[in-house]
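Here the protein sequences come in this chain order: A, Z and F. Under my numbering, the very last position in the first sequence is 406; numbers go up by exactly one each time. Under my numbering, the very last position in the second sequence is 406; numbers go up by exactly one each time. Under my numbering, the very last position in the third sequence is 406; numbers go up by exactly one each time.
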Amino acid sequence: MDEAEWFEKVLLDVEKGIYIEDWSISGEELDIGGGGWRIEKKRLHGGLSDGVDLLTVNNGRLSIVILPTRGMGIWKGEYMGMFLGWEPPVRSPIHPRHINLEARGGLGWLDGFNEMVVRCGLSSLGLPGMDVITDNTGRKKEVMLTLHGRIANIPAEAVKIQIGLRPPFNLEVEGIVYERSMFGSNLRLTSRITTALGSNSFTISDTVENLRGVPDEMQLLYHCNFGRPILEGGARLVAPIGKMAPRDPVAAEEIDSFDLFGPPQSGFVEKVYFMRLIADERGETLVALTNRRGDKAVSLRYHVKRLPCFTLWKNTAGLGGGYVVGLEPGTSFPNMKAFERMRGRVVLLKPGEKYHSSVTISVHLGSDEVQGVLERVEKIRNGAVPEVSRRPLEEFSPAR
Amino acid sequence: MDEAEWFEKVLLDVEKGIYIEDWSISGEELDIGGGGWRIEKKRLHGGLSDGVDLLTVNNGRLSIVILPTRGMGIWKGEYMGMFLGWEPPVRSPIHPRHINLEARGGLGWLDGFNEMVVRCGLSSLGLPGMDVITDNTGRKKEVMLTLHGRIANIPAEAVKIQIGLRPPFNLEVEGIVYERSMFGSNLRLTSRITTALGSNSFTISDTVENLRGVPDEMQLLYHCNFGRPILEGGARLVAPIGKMAPRDPVAAEEIDSFDLFGPPQSGFVEKVYFMRLIADERGETLVALTNRRGDKAVSLRYHVKRLPCFTLWKNTAGLGGGYVVGLEPGTSFPNMKAFERMRGRVVLLKPGEKYHSSVTISVHLGSDEVQGVLERVEKIRNGAVPEVSRRPLEEFSPAR
Amino acid sequence: MDEAEWFEKVLLDVEKGIYIEDWSISGEELDIGGGGWRIEKKRLHGGLSDGVDLLTVNNGRLSIVILPTRGMGIWKGEYMGMFLGWEPPVRSPIHPRHINLEARGGLGWLDGFNEMVVRCGLSSLGLPGMDVITDNTGRKKEVMLTLHGRIANIPAEAVKIQIGLRPPFNLEVEGIVYERSMFGSNLRLTSRITTALGSNSFTISDTVENLRGVPDEMQLLYHCNFGRPILEGGARLVAPIGKMAPRDPVAAEEIDSFDLFGPPQSGFVEKVYFMRLIADERGETLVALTNRRGDKAVSLRYHVKRLPCFTLWKNTAGLGGGYVVGLEPGTSFPNMKAFERMRGRVVLLKPGEKYHSSVTISVHLGSDEVQGVLERVEKIRNGAVPEVSRRPLEEFSPAR
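Written out as structure tokens, the structure is:
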């Protein structure tokens, strides 16, 4: 696209020494698309959030808060006054410097987990567990991989704003995050997060490139988390399921109501279901979470070839414990990496090879809109009967 | 109390976006209680202290330095020109971001330990060791609990100053610190630290609330540490002991002089004694550390029902190694949590339940004042003969 | 030296509350030595470098960038337009707060490793592995020592600039870094980094003092790393070798060309050689790395009594993996500390004892200059035939 068609602003570029602490732009200033939209960057101070950068993109109807400091995750959002996200025990964005991923047997990631959308990856994701790496002396070494990997706790090295000066007036944020180490992975995530003025959706479009001189593994999962008000007793998942199995015996117990969500329940133990979703002729699938009455919903649209594994995380715990459902398209299921590798679900990138994936998240208000998205899911399903295993499948889950 | 009777200032509130880097107020400005008092907030820069907030409360005679960034601990103090605290190897307040609690087999806490008063807790305290938690999948998982827990290395999320505008003109600092994680503890510590103008004492009054939807464990210990000039060869502990035992054989060797402190001695290995103290009719106990001549002392006053376990930590090492004695009232003894749980000394809080505890620390100068406090200890003892075990007790210490 | 002969500026002193964020001085301002030199201090913002202080010392011909925040390491340099250092996977200086030394089985150090000169030490260095320490209760405890120790990830507590006002117009930076913990090491590193106006060299002169009241161990190694343009296919090491052995079988395979470096090669596994170098009558040795044509070189000069172990690290990996050679004079070889202790190569410092060491790094451009330095190496060698072991030696390396 012609450069003149874009307004561009670099907010961060560590190598070039650019860092802007506070900044904003709005429709009033740029004089496009009316006055309702606004992009704002600020830095938090004090507590565990000290030094966290927040980037709020408000397209006039939909607003999301991006966290460059937490690997370009999306903290929360709002659509026409409705809150998007969940109410986690950890309330504020936690600076990665306060997160020790190795803590409590590799569960330290949970000390900072509170985003609406958080990426798991990039060199590993899933449950903590032992894996074998090659160390600097060329020898095999057993190391602990920590829960859900490192990317959510690595600050972006570069952040750029782009605003399209012609319809549809796209608001775009590009962030670059490196997961790299001497003798280790060298993966560059370039994430573009885009929304058009007045739109009910935003798209996360990611490219992961292997900058290493040797082939290397990559895993990526979008942990998309929603609580009230869309989630409530009677809310349900609507998805074009091809094949499905519970992760473990606990999930198997409730296989008949896997797609129905209860009210907050203290002491609820998470139930996880692994699925393959059906795609349309363009390779896209669509999955939705709707409230009980069917007048509030959120949907995810993405290419199943890029993100072939869909995980449903039911965690309808009491409000203090995080009442939340996770919709998780990924390159893998969130088992231990060693298991996913064995099942052929870990991506191998050649030197310089790039992996593209994107997820579009849309919000639907009113029965008509919600009905519309459910019909689109049905159209993709096209009458197929899902292959549902009532027990964990060897293909999907390790034996417990 | 009527709001008009208080001057109030919020210095930090992460959720509301309030953070004041430098601030002070004094008797000259507020025109109460004469001109000698002052409260000052500043932020340190550089080294391992970069980003640490210091809050100095000086009531005109007694001054203490509170560390909101280190869980509302109290770094050091001064009373009428006399230093309060100790001379630790680690000289400056260390930002928690530089502390890896997991380091060296769970001893990382020691890299930042230099406070006069530091809380141990809240979900665990004591020696590092393995314990069993329930992970997110509902399964039991063995994890390492690190020395003295997390609370001293979590920055406060909110800090507020309150100054009473009528006698006794209280200077109060309220800080809120959260120890919380997804699938883990969700404990809120609200700490009020209060001193009256011209007083020789300050009170730490803490409330710990379980914000989780399920019952959860809590441990809390006030590690109060004093070195020179109160500690010296010939200094001694005066306490109304009900029952006492050495922690281990090393401490047992010096049981006959457990309450007497020697001069700094390089290579001294810590000796620890566990005690139950006697309380007065209101449930309060009083314990004092006096210098050799009995003209300098510090005392702790608190309710034994709230803090039933008293630990004496003798560490009269050479000056470079930290010449210090710890007076440690707690809900537990600082053994591994698993042992304390087995002995019924770990607090269980129901959802929403609060635990209150407070400690008043007073400084006494001159023989008359010191004599007075020792007499108050004797009055509480009321002639009781302490039950002293010359060997470690199964009730108090694990077998070694 | 008379104080009047020096210009002095304190940039950081945590205990005194001094921290200067941005500062510079140049020949124009101080009016000595012509206009070409400059010292500049700045603080980086954003990404993993947020809060890192950079101190650039440019003597008019040679420029180096010192990292007070990373233990007074030297990030990179430039000599008459030629880059000094290497091209590591990790591009920017990483704040120690983002480094978890315990990660991946003790390899976390590699996440921040990108310096031209980085110190390994001080209480341990070398490969990660188990060692036995004495904990606070006086008992032996097995702990993991992490790769290359802590010193490179501890910010300096004090930094001072000194500029000589008379010839040779020395530019000096003094930094103080403490590696200390309660019940642990208490080592103070005082590092002076000096260069004279217009010189082709700089000297790192370090003093490590044991501030503990008891004897304590110390290890120190200067990991000096060079890549392009000095390193290239055909570059070689020129050193007055007394005795040498490969570290392991992998290195033994290429023993005949240990001193010759190949072009970047993806998948290259590091090869390491351990050496004793010969010194001249003053106890100094000299070792050089030259490019293929012999018109670009870098040399290290130091006292072998202070740094008796020389390690050559060949890591001529593909460019994305870090094409680099390390010249590493040290008190030890970088094996696990337990092995080095067994071989008598761990320094023991008495209370208050100091250990001095220094390394002078010079850059040589043009065939004449390079020829000159090679001749000085030959003069030190003085015809001695190196004792080369074709297999790992028990004296130098643990059995694999």
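Heads up, the beta-carbon is just placed ideally off N, CA and C, and yes, glycines get one too.
query: If we call anything under 9 Å between Cβ atoms a contact, is A:P340 one with A:G248?
result: Not closer than 9 Å, so no.
field: Residue range of the unbroken beta strand (DSSP E) whose run includes Z:S32
entry: Looking at the DSSP string, the run of the beta strand (DSSP E) that includes Z:S32 is 29–32.
query: For the stretch 350–369 of chain Z, which residues have a beta carbon sitting closer than 9 Å to at least one beta carbon of chain A?
result: So the close ones are P357, G358.
- request: Return the first residue and the last residue of the beta strand (DSSP E) that A:F267 is part of.
  value: Membership of A:F267 in any beta strand (DSSP E) is not indicated, and neither H nor E is assigned to it by DSSP.
message: Just to confirm the assignment, what range does the alpha helix (DSSP H) spanning Z:S373 have?
response: Membership of Z:S373 in the alpha helix (DSSP H) is indicated by the continuous run 373–387.
task: Compile a chain-ordered list of the residues in the stretch 146–177 of chain F whose CB is closer than 9 Å to at least one CB of chain A.
output: Per Cβ criterion, the list reads L153.
query: Residues in its own chain within less than 6 Å of Z:K166 by CB, not counting five upstream and five downstream?
result: Result list for Z:K166: V16, E180, in chain order.
query: Going along chain A, which residues have a C-beta under 8 Å from F:N106?
result: Those are N106, L107, E108, listed as they occur along chain A.
- prompt: Taking Cβ to Cβ, would you say A:K343 is nearer than 9 Å to A:M88?
  reply: One thing to note: A:K343 has its Cβ no nearer than 9 Å to the Cβ of A:M88.
query: Using a Cβ cut-off of 7 Å, which residues of the stretch 272–284 of chain F contact any Cβ in chain A, in chain order?
result: The stretch 272–284 of chain F vs chain A, Cβ under 7 Å: S272, G273, V275, E276.
Cβ neighbour criterion (16 or more within 10 Å) applied to A:N142: Only buried fits A:N142, as 16 or more other CB atoms lie within 10 angstroms of its CB.
task: Sort Z:L380, Z:D19, Z:T62 by Cα distance to Z:T201 and report the nearest one.
output: With distances taken between Cα atoms, Z:T201 lies closest to Z:T62.
message: Against chain Z, does A:F411 count as a neighbour if the rule is that its beta carbon must be under 9 Å from one of theirs?
response: Only positions 7 to 406 of chain A appear in the structure, and residue 411 of chain A is not among them; the question remains open.
message: Taking 9 Å as the threshold (beta carbon to beta carbon), is A:M7 in contact with chain Z?
response: For A:M7, the predicted structure reports a pLDDT of 48, less than 50, and the residue's modelled location is therefore unreliable. The matter cannot be settled from this model.
task: Taking all protein chains shown into account, decide if Z:K385 is buried (16 or more other Cβ within 10 angstroms of its Cβ) or exposed.
output: With fewer than 16 Cβ atoms within 10 Å of its Cβ, Z:K385 is classed as exposed.
message: Going by DSSP, what residue range makes up the alpha helix (DSSP H) through A:K343?
response: Note, A:K343: alpha helix (DSSP H), 343–348.
First and last residue of the uninterrupted beta strand (DSSP E) at Z:V244: For Z:V244, the uninterrupted beta strand (DSSP E) segment begins and ends at 242–244.
task: Please list the partners that F:A323 has in chain A, where partner means a Cβ-to-Cβ separation under 8 Å.
output: For a Cβ distance threshold of 8 Å, residue set G219 of chain A lies close to F:A323, ordered along the chain.
task: Answer yes or no: do F:V394 and F:M250 have a C-beta to C-beta separation smaller than 9 Å?
output: For F:V394 and F:M250, yes; Cβs fall inside 9 Å.
Distance, Z:R347 Cα to A:E238 Cα: Taking the straight line from one Cα to the other gives about 37 Å.
field: Supposed close pair F:Y361, F:M224 - CB separation, criterion 8 Å
entry: Correct: roughly 6 Å between the Cβ atoms.
Spatial neighbours of Z:T409 in its chain, beta-carbon cut-off 6 Å, leaving aside the 5 residues before and after: Past the edges of chain Z, shown from 7 to 406, lies residue 409 of chain Z, and the structure says nothing about it.
- request: Under 8 Å Cβ to Cβ from Z:T75, same chain only, skipping five residues before and after it: list those, please.
  value: Contacts found: G57, V58, D59, P99, H101, P102, P161, A162.
- prompt: Is it the case that the Cβ atoms of A:G114 and A:E108 are separated by a distance below 9 Å?
  reply: The Cβ-Cβ distance between A:G114 and A:E108 falls below 9 Å.
As assigned by DSSP and simplified to three states, the class of Z:N297: Residue state, collapsed to three classes: coil.
query: Z:L18 touches chain A at which residues, Cβ-Cβ below 9 Å?
result: Ordered by position in chain A, the residues that pass the 9 Å Cβ test against Z:L18 are H51, G52, G53.
- prompt: What are the boundary residues of the alpha helix (DSSP H) that includes A:A257?
  reply: It spans 255–258 - the alpha helix (DSSP H) in which A:A257 sits, taken as one unbroken run.
- prompt: the stretch 105–138 of chain F: which residues have C-beta closer than 7 Å to a C-beta of chain A, in chain order?
  reply: Answer set for the stretch 105–138 of chain F: N106, E108, A109, R110, G111, L113, L116, D117, F119.
- request: Answer yes or no: does any C-beta atom of chain Z fall closer than 9 Å to that of F:M436?
  value: Outside the displayed range of chain F (7 to 406) lies residue 436 of chain F, so it cannot be described from this structure.
field: Sequence ranges, beta strand (DSSP E) only - wholly within the stretch 81–111 of chain Z, length at least 3
entry: Entirely contained in the stretch 81–111 of chain Z, the beta strand (DSSP E) runs reaching 3 residues are, in chain order, 88–90.
- prompt: Since A:S197 meets chain Z, which of its residues come closer than 8 Å, beta carbon to beta carbon?
  reply: The premise fails here: A:S197 is roughly 23 Å from chain Z at the closest Cβ pair, so nothing lies under 8 Å.
- request: Return yes when the Cβ of Z:E93 is within less than 9 Å of the Cβ of Z:C230, no when it is not.
  value: Cβ atoms of Z:C230 and Z:E93: not closer than 9 Å.
field: For F:V304 and A:T291, the rounded distance between their alpha carbons
entry: Looking at the backbone, the Cα of A:T291 and that of F:V304 are separated by about 59 Å.
message: Tell me the DSSP secondary structure of A:R44 in three-state form.
response: Strand at A:R44.
- prompt: Does DSSP put F:S191 in a helix, in a strand, or in coil?
  reply: In the displayed model, F:S191 falls within coil according to three-state DSSP, outside both helix and strand.
query: Taking the alpha-carbon positions, what's the A:G39 to A:E46 distance?
result: Rounded to the nearest angstrom, the two C-alpha atoms are 17 Å apart.
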